Amino acid sequence: MLTSQRKQLILQKLAAEGQVLSKHLSETFNVSEDTIRRDLRELSAEGLLQRVHGGALPASAATVTFAERKNLRLDAKRVIAKKGAELIEPGQVVMIDGGTTTAELITFLPHSLQITVVTHSPGIALGLADHPLIDVIMIGGRLFKHSLVAVGAAAIENVANVRADIFFMGVTGIHADAGLSTGDYEESCIKRAFSQKAAETIVLASPEKLNSASTWVIGDISLINTMVVEKSTAEQLLTPFINKGISVVKA
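Per the UniProt record's numbering, the very first residue in the sequence shown carries number 1; after that it's consecutive.
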(Lines of atoms letter the chains of each structure in order from A and count residues from 1; the text may use other names and numbers.)
(Lines give C-alpha, C1' and ligand atoms only; values in the text may rest on other atoms or scores of the structure.)
Protein backbone atom coordinates (compact mmCIF):
# COMPACT_ATOMS: atom_id res chain seq x y z
CA MET A 1 0.00 0.00 0.00
CA LEU A 2 1.26 3.47 -0.89
CA THR A 3 1.87 5.93 1.94
CA SER A 4 -0.68 8.33 0.44
CA GLN A 5 -3.32 5.59 0.39
CA ARG A 6 -2.61 4.65 4.01
CA LYS A 7 -2.87 8.29 5.09
CA GLN A 8 -6.21 8.64 3.33
CA LEU A 9 -7.52 5.54 5.10
CA ILE A 10 -6.27 6.89 8.44
CA LEU A 11 -8.24 10.10 7.85
CA GLN A 12 -11.33 8.12 6.87
CA LYS A 13 -11.05 6.01 10.02
CA LEU A 14 -10.57 9.15 12.11
CA ALA A 15 -13.67 10.78 10.61
CA ALA A 16 -15.75 7.65 11.24
CA GLU A 17 -14.56 6.85 14.78
CA GLY A 18 -13.58 10.25 16.21
CA GLN A 19 -10.10 9.10 17.24
CA VAL A 20 -7.37 6.69 16.19
CA LEU A 21 -4.73 4.82 18.17
CA SER A 22 -1.23 4.25 16.80
CA LYS A 23 -1.11 0.64 18.00
CA HIS A 24 -4.40 -0.29 16.35
CA LEU A 25 -3.40 1.44 13.11
CA SER A 26 -0.12 -0.44 13.13
CA GLU A 27 -1.98 -3.74 13.39
CA THR A 28 -4.60 -2.74 10.80
CA PHE A 29 -2.06 -1.77 8.14
CA ASN A 30 0.60 -4.29 9.16
CA VAL A 31 3.31 -1.64 9.53
CA SER A 32 5.42 -0.54 12.48
CA GLU A 33 4.20 2.00 15.02
CA ASP A 34 7.12 4.21 13.95
CA THR A 35 5.67 4.28 10.44
CA ILE A 36 2.24 5.22 11.81
CA ARG A 37 3.73 7.93 14.01
CA ARG A 38 5.47 9.38 10.95
CA ASP A 39 2.17 9.34 9.05
CA LEU A 40 0.44 11.11 11.93
CA ARG A 41 3.23 13.70 12.19
CA GLU A 42 2.92 14.52 8.51
CA LEU A 43 -0.87 14.69 8.61
CA SER A 44 -0.65 16.93 11.67
CA ALA A 45 1.79 19.24 9.87
CA GLU A 46 -0.83 19.58 7.12
CA GLY A 47 -3.45 20.52 9.73
CA LEU A 48 -5.53 17.41 9.02
CA LEU A 49 -5.48 15.99 12.55
CA GLN A 50 -4.29 16.74 16.09
CA ARG A 51 -1.75 14.33 17.52
CA VAL A 52 -2.25 13.23 21.12
CA HIS A 53 -0.50 10.65 23.29
CA GLY A 54 -0.97 7.26 21.66
CA GLY A 55 -2.79 8.45 18.54
CA ALA A 56 -4.73 11.36 17.08
CA LEU A 57 -7.99 13.30 17.23
CA PRO A 58 -9.76 15.37 14.57
CA ALA A 59 -8.18 18.81 14.20
CA SER A 60 -10.52 21.66 14.98
CA ALA A 61 -11.73 23.70 12.01
CA ALA A 62 -12.10 26.68 14.33
CA THR A 63 -8.42 27.70 14.43
CA VAL A 64 -8.35 29.90 11.33
CA THR A 65 -8.38 33.70 11.56
CA PHE A 66 -11.24 35.59 13.21
CA ALA A 67 -12.40 36.93 9.83
CA GLU A 68 -12.50 33.41 8.36
CA ARG A 69 -14.26 31.98 11.42
CA LYS A 70 -17.03 34.61 11.33
CA ASN A 71 -18.84 32.79 8.53
CA LEU A 72 -17.97 29.22 9.58
CA ARG A 73 -21.25 27.41 10.42
CA LEU A 74 -22.87 30.80 11.01
CA ASP A 75 -26.46 29.50 11.17
CA ALA A 76 -25.52 26.97 13.84
CA LYS A 77 -23.65 29.61 15.83
CA ARG A 78 -26.67 31.92 15.83
CA VAL A 79 -29.03 29.18 17.02
CA ILE A 80 -26.64 28.17 19.80
CA ALA A 81 -25.91 31.79 20.76
CA LYS A 82 -29.63 32.57 21.06
CA LYS A 83 -30.10 29.65 23.48
CA GLY A 84 -27.02 30.74 25.43
CA ALA A 85 -28.43 34.24 25.85
CA GLU A 86 -31.56 32.72 27.41
CA LEU A 87 -29.42 31.27 30.22
CA ILE A 88 -28.54 34.76 31.52
CA GLU A 89 -30.57 36.18 34.40
CA PRO A 90 -31.03 39.88 35.26
CA GLY A 91 -28.55 41.21 37.79
CA GLN A 92 -25.84 38.67 37.05
CA VAL A 93 -22.14 39.31 36.48
CA VAL A 94 -21.35 37.61 33.18
CA MET A 95 -17.86 37.06 31.78
CA ILE A 96 -17.86 36.78 27.99
CA ASP A 97 -14.86 35.40 26.13
CA GLY A 98 -13.83 36.58 22.70
CA GLY A 99 -14.86 34.59 19.64
CA THR A 100 -17.28 34.44 16.76
CA THR A 101 -19.99 32.52 18.65
CA THR A 102 -19.91 34.88 21.64
CA ALA A 103 -20.07 37.77 19.14
CA GLU A 104 -23.42 36.32 18.07
CA LEU A 105 -24.45 35.79 21.71
CA ILE A 106 -24.50 39.51 22.51
CA THR A 107 -26.80 40.25 19.57
CA PHE A 108 -29.53 38.31 21.38
CA LEU A 109 -29.30 40.22 24.66
CA PRO A 110 -32.42 42.39 25.05
CA HIS A 111 -31.99 46.11 25.67
CA SER A 112 -34.09 45.72 28.81
CA LEU A 113 -31.56 43.31 30.36
CA GLN A 114 -29.62 44.69 33.33
CA ILE A 115 -26.36 42.82 33.91
CA THR A 116 -22.64 43.47 34.26
CA VAL A 117 -20.43 42.08 31.51
CA VAL A 118 -16.71 41.48 32.02
CA THR A 119 -14.75 40.86 28.84
CA HIS A 120 -11.26 40.98 27.39
CA SER A 121 -12.67 41.40 23.88
CA PRO A 122 -12.85 44.97 22.47
CA GLY A 123 -15.38 43.68 19.94
CA ILE A 124 -17.71 42.37 22.65
CA ALA A 125 -17.38 45.64 24.59
CA LEU A 126 -18.20 47.75 21.52
CA GLY A 127 -21.09 45.46 20.63
CA LEU A 128 -22.69 46.25 23.99
CA ALA A 129 -22.13 50.02 23.84
CA ASP A 130 -25.74 50.75 22.91
CA HIS A 131 -27.23 48.58 25.69
CA PRO A 132 -28.28 51.19 28.27
CA LEU A 133 -28.58 48.77 31.22
CA ILE A 134 -25.50 46.64 30.63
CA ASP A 135 -22.44 47.78 32.54
CA VAL A 136 -19.27 46.74 30.69
CA ILE A 137 -15.96 46.11 32.46
CA MET A 138 -12.98 45.66 30.15
CA ILE A 139 -9.99 43.50 30.96
CA GLY A 140 -6.88 45.03 29.40
CA GLY A 141 -3.60 43.57 28.22
CA ARG A 142 -1.68 42.82 25.03
CA LEU A 143 -3.98 42.56 22.00
CA PHE A 144 -3.77 39.12 20.43
CA LYS A 145 -4.70 40.07 16.87
CA HIS A 146 -5.62 36.57 15.68
CA SER A 147 -8.60 36.45 18.05
CA LEU A 148 -8.91 40.18 18.86
CA VAL A 149 -8.70 39.72 22.63
CA ALA A 150 -6.42 40.96 25.42
CA VAL A 151 -3.98 38.39 26.80
CA GLY A 152 -0.89 38.30 28.97
CA ALA A 153 0.08 38.72 32.62
CA ALA A 154 -1.77 42.02 33.11
CA ALA A 155 -5.02 40.55 31.79
CA ILE A 156 -4.78 37.49 34.05
CA GLU A 157 -4.01 39.72 37.04
CA ASN A 158 -7.17 41.76 36.37
CA VAL A 159 -9.28 38.61 36.06
CA ALA A 160 -8.21 37.62 39.58
CA ASN A 161 -10.29 40.50 40.96
CA VAL A 162 -13.56 39.27 39.42
CA ARG A 163 -16.20 36.99 40.91
CA ALA A 164 -18.81 36.14 38.27
CA ASP A 165 -22.00 34.13 37.98
CA ILE A 166 -21.37 32.82 34.46
CA PHE A 167 -18.44 32.57 32.09
CA PHE A 168 -19.14 31.95 28.41
CA MET A 169 -15.91 30.27 27.32
CA GLY A 170 -14.80 30.21 23.71
CA VAL A 171 -12.93 27.08 22.59
CA THR A 172 -11.72 25.67 19.30
CA GLY A 173 -11.94 22.08 20.48
CA ILE A 174 -14.06 20.22 23.04
CA HIS A 175 -13.54 16.51 23.63
CA ALA A 176 -14.78 14.37 26.53
CA ASP A 177 -11.34 12.80 27.09
CA ALA A 178 -8.90 15.35 25.64
CA GLY A 179 -10.72 18.25 27.32
CA LEU A 180 -11.00 21.87 26.23
CA SER A 181 -8.45 23.36 23.88
CA THR A 182 -7.56 26.38 21.79
CA GLY A 183 -4.98 27.37 19.22
CA ASP A 184 -2.85 29.76 21.30
CA TYR A 185 -0.94 29.32 24.55
CA GLU A 186 -1.73 32.72 26.08
CA GLU A 187 -5.40 32.38 25.19
CA SER A 188 -5.51 29.04 26.98
CA CYS A 189 -4.09 30.69 30.10
CA ILE A 190 -6.63 33.50 30.28
CA LYS A 191 -9.56 31.21 29.51
CA ARG A 192 -8.48 29.02 32.42
CA ALA A 193 -8.19 32.08 34.65
CA PHE A 194 -11.70 33.25 33.70
CA SER A 195 -13.23 29.84 34.41
CA GLN A 196 -11.69 29.74 37.87
CA LYS A 197 -13.52 32.96 38.79
CA ALA A 198 -17.01 31.93 37.66
CA ALA A 199 -19.67 29.96 39.50
CA GLU A 200 -20.66 28.34 36.19
CA THR A 201 -18.78 27.96 32.91
CA ILE A 202 -20.69 27.46 29.67
CA VAL A 203 -19.35 26.50 26.25
CA LEU A 204 -21.36 27.33 23.14
CA ALA A 205 -20.30 24.26 21.15
CA SER A 206 -20.89 24.80 17.45
CA PRO A 207 -20.52 21.62 15.35
CA GLU A 208 -16.93 22.13 14.13
CA LYS A 209 -15.68 22.18 17.75
CA LEU A 210 -17.27 18.96 19.01
CA ASN A 211 -14.96 15.96 19.49
CA SER A 212 -11.98 17.84 18.09
CA ALA A 213 -8.78 19.16 19.62
CA SER A 214 -6.26 21.97 19.23
CA THR A 215 -2.69 22.33 20.39
CA TRP A 216 -3.10 24.16 23.71
CA VAL A 217 -5.12 22.59 26.51
CA ILE A 218 -7.32 24.93 28.57
CA GLY A 219 -8.25 22.20 31.01
CA ASP A 220 -10.12 19.00 31.67
CA ILE A 221 -13.76 18.78 30.59
CA SER A 222 -14.71 19.12 34.27
CA LEU A 223 -13.75 22.79 33.98
CA ILE A 224 -17.16 23.48 32.44
CA ASN A 225 -20.68 22.90 33.75
CA THR A 226 -22.82 23.28 30.66
CA MET A 227 -22.48 23.06 26.89
CA VAL A 228 -25.01 24.35 24.40
CA VAL A 229 -25.29 22.38 21.15
CA GLU A 230 -27.49 22.22 18.08
CA LYS A 231 -30.72 20.26 18.54
CA SER A 232 -29.72 17.94 15.69
CA THR A 233 -26.46 16.86 17.36
CA ALA A 234 -26.26 13.06 17.46
CA GLU A 235 -26.82 11.51 20.88
CA GLN A 236 -23.74 9.30 20.58
CA LEU A 237 -21.61 12.46 20.36
CA LEU A 238 -23.16 13.84 23.54
CA THR A 239 -23.22 10.70 25.71
CA PRO A 240 -19.52 10.88 26.71
CA PHE A 241 -20.03 14.45 27.96
CA ILE A 242 -23.22 13.59 29.86
CA ASN A 243 -21.43 10.63 31.46
CA LYS A 244 -18.84 13.06 32.79
CA GLY A 245 -21.49 15.21 34.47
CA ILE A 246 -21.78 17.95 31.87
CA SER A 247 -25.24 19.43 31.43
CA VAL A 248 -26.16 19.52 27.73
CA VAL A 249 -28.63 22.14 26.50
CA LYS A 250 -30.00 21.70 22.99
CA ALA A 251 -30.80 24.73 20.87
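Note that the Cβ used here is the ideal one computed from N, Cα and C, for glycine as well. Values in this document were obtained by computation on a predicted structure and should not be read as measured data.
Practice task
Output the distance between the C-alpha atoms of alanine 234 and valine 228, rounded to the nearest integer angstrom.
Solution key: Those two C-alpha atoms are separated by around 13 Å.
Practice task
Could you spell out where the alpha helix (DSSP H) holding glutamate 27 opens and where it closes?
Solution key: 22-29
Handout entry: Simplified DSSP assignment, three categories, for lysine 231
Key = coil
Problem - Residues near leucine 11 in its chain [Cβ-Cβ closer than 8 Å; skip 5 each side] - result: Leu43, Leu48 and Leu49
Practice task
Can you tell me which of the three DSSP states alanine 16 falls into?
Solution key: In the structure shown, alanine 16 sits in a helix (DSSP, three-state: H, G or I).
Problem - DSSP-derived helix/strand/coil call for arginine 51 - result: strand
Practice task
Would you tell me roughly how many angstroms separate the C-alpha atoms of glycine 123 and leucine 238, rounded to the nearest one?
Solution key: 31 Å
Problem - Run of the alpha helix (DSSP H) containing threonine 116, from where it starts to where it stops - result: Per DSSP, threonine 116 belongs to no alpha helix (DSSP H); it is in the beta strand (DSSP E), 115-119.
Exercise for the section: Take the Cβ of threonine 172 as the centre, count every other Cβ of all protein chains shown within 10 Å, and call the residue buried at 16 or more, exposed below. Expected result: buried
Practice task
Could you give the DSSP three-state label for glycine 32: helix, strand or coil?
Solution key: Inspection of the sequence shows that residue 32 is occupied by serine rather than by glycine. It is coil, neither helix nor strand.
Practice task
Determine the contact status of alanine 251 and lysine 83, defining contact as a CB-CB distance below 8 Å.
Solution key: Cβ atoms of alanine 251 and lysine 83: closer than 8 Å.
Practice task
Decide if isoleucine 202 is buried, meaning its Cβ has at least 16 other Cβ atoms within 10 Å, or exposed.
Solution key: buried
Exercise for the section: Pair every Cβ in the segment 206-226 with every Cβ in the segment 135-147, then say whether three or more of these pairs are closer than 8 Å. Expected result: no
Exercise for the section: Can you give me the start and stop residues for the beta strand (DSSP E) that lysine 191 sits inside? Expected result: Unbroken run through lysine 191 is the alpha helix (DSSP H), 185-195; no beta strand (DSSP E).
Exercise for the section: Can you give me the Cβ contacts of valine 249 inside the same chain, cut-off strictly under 7 Å, excluding the 5 residues immediately before and after it? Expected result: Lys83, Thr226 and Val228
Exercise for the section: Specify, as a first and last residue, the run of the alpha helix (DSSP H) that threonine 100 falls within. Expected result: Note, threonine 100: alpha helix (DSSP H), 100-105.
Handout entry: Coarse secondary structure for isoleucine 80, derived from DSSP in three states
Key = helix
Problem - Coarse secondary structure for isoleucine 246, derived from DSSP in three states - result: coil
Exercise for the section: Measure the Cβ-Cβ separation of leucine 105 and phenylalanine 168 and say whether it is below 8 Å. Expected result: yes
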